[in-house]
Amino acid sequence: MTDHGPFDRAELDEMVERWLTANDEAERAGDWRPLSEFYTEDATYGWNYGPHKDFMAVGRDEIRDLALGQEMEGLEGWTYPYQAWVIDEKTGDMLGLWKQVYEATRDDGSHYALNGIQGSWFKYAGNFQFSWQRDFFDYGNVSALFIELMKDKKMSDGMLARIEKAAPGNLPGWYPIGQAPVALW
């Protein structure tokens, strides 16, 4: 798909507002699959997960079923409050920086949340849709938080089931580094 631009800033700002509203609805429902309507039919969505694996969903259906379905299983009760946006009207590049916060609390009352910086880099395609999304987060902090949740016995049953399902390492959408059908970069 050819990227278009430049884009009207008011349109990009409206896209952010639509996206944030839909994300809030998805968090409340514990179902992120409806967000797939924000992607073009041929969009891609991927991320790196450490030194050996990449995830890549190709097309709106895979984004709905894999990135927003399979990969969000067990994350009910988590929120992703966006902290800031950086937007380039010329290229349609949109960088949304977010936190990942769990509703469960530690003994001191603080919520379990990822440290570091998490975010998504989107390429806007016009018509209030993205042509691609790439997520980034700190693999070390993700691992440490999930180990803490397990030690504290605060991991949800849904997340424990997801971990068990993923343990064999052969879920759809996951590829050895460099072998995904679409490159991250």
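Count the sequence shown with our numbering and you get residues 2 to 186, in order.
We put the CB at the ideal spot given by N, CA and C, even for glycine.
Spatial distance of residue i from residue j (CA atoms)
| i | j | result |
| --- | --- | --- |
| G127 | G159 | 36 Å |
| Y81 | A27 | 10 Å |
| G60 | E38 | 11 Å |
| I164 | N171 | 12 Å |
| D66 | E72 | 9 Å |
| K110 | E104 | Here residue 110 is Gly; the residue named in the question, Lys, does not match the sequence. Distance between the alpha carbons of G110 and E104: 11 Å. |
| V87 | L76 | 26 Å |
Cβ pair residue i, residue j closer than 8 Å
| i | j | result |
| --- | --- | --- |
| M57 | Y140 | no |
| S144 | G78 | no |
| W33 | D136 | no |
| F8 | G70 | no |
| V183 | T45 | yes |
| L98 | I118 | yes |
| Y125 | L13 | yes |
Where residue i falls: helix, strand or coil (DSSP)
| i | result |
| --- | --- |
| W79 | strand |
| D108 | coil |
| G174 | coil |
| W86 | strand |
| F147 | helix |
| A130 | One point to set straight first is that residue 130 is Gln, not Ala, in the sequence displayed. Strand at Q130. |
Bridge-paired residues (DSSP) for residue i
| i | result |
| --- | --- |
| R135 | G47 and W122 |
| A114 | V102 |
beta-carbon residue i near the ligand HEM non-hydrogen atom, thresh 7 Å
| i | result |
| --- | --- |
| K154 | Here there are no bound small molecules, and the ligand HEM is not part of this structure. |
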